[in-house]
Amino acid sequence: MEDIQQLYFYGLIIGAVLTVIYILLSDILDGLFGFLDGIFNPTLILSFVTFFCASGYLLERFFPIDSFVIIFLSAGASLLLVTMLNVFILIPLSNADSTLGYSEEDLKGRIGTVITSIPEDGFGEVLIENHSGHISKSAKSFDGDLISQGLEIIVIDVKLGVLYVSERKSLENREV
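Residues are numbered in this note's numbering as their position in the sequence shown, beginning at 1, plus a constant of 809.
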């Protein structure tokens, strides 16, 4: 019983060390072994080994159960934990948007504030709040009107990095 308990303990240490090494070198290893990506996931395999050895060690140490039963219990618990890890953590993380950036097309229809007046035939600057902070962009009047500093604008179009904007008028000030 002591021998298998030590085997579980060494397996736990080796699994944990390999997991840390994989975390540190995952980009390099994924580049080298990218062709195996669809076949197996190293994160899940290392997690299974670590969970299996940890649960086997704990069951051997604290419960007087036959070692063959412990192997099956550990394998079942590890399979359950790895499945939960994959479904609830790894898959959502891989589907999550990994950037805080934006495309210029995303700015169409956004509301902002003029920080440098936009002359009738020239350029000014607008400030738009974004989920990752503030965006300051060059702007030109879509209608060819003067838009003074401090007024709210709406982005109509984006061409070559320049926002084409119109003054945002409230419903109370509109003429019928």
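By construction, the Cβ of each residue, glycine as well, lies at the ideal position given by its N, Cα and C atoms.
Just so you know, these numbers come straight off a predicted model, no measurement behind them.
| Query | Result |
| --- | --- |
| With C-beta atoms as the reference, is Ser-950 less than 7 Å away from Val-971? | no |
| Out of curiosity, what's the CA-to-CA distance linking Ile-956 and Gly-942? | 24 Å |
| Just list the residues that DSSP pairs Thr-986 with in beta bridges. | In the structure displayed, the chain extends from 810 to 985; residue 986 sits before or after that span and is not available. |
| Let me know the secondary structure DSSP gives Ile-874 once reduced to three states. | coil |
| Relative to the alpha-carbon of Gln-958, which residue among Ile-965, Glu-976, Lys-968, Ile-854 has its alpha-carbon at the smallest distance? | Glu-976 |
| Between the C-alpha atoms of Pro-928 and Val-974, what's the straight-line distance to the nearest angstrom? | 12 Å |
| Please classify Glu-869 as buried or exposed, where buried requires at least 16 other C-beta atoms within 10 Å of its C-beta. | buried |
| What does DSSP give as the partner residues of Ile-927 in its beta bridges? | Ile-956 |
| With DSSP collapsed to three states, give me the class of Ala-825. | helix |
| Determine the direct distance from the alpha carbon of Leu-889 to that of Cys-862, and round the result to whole angstroms. | 14 Å |
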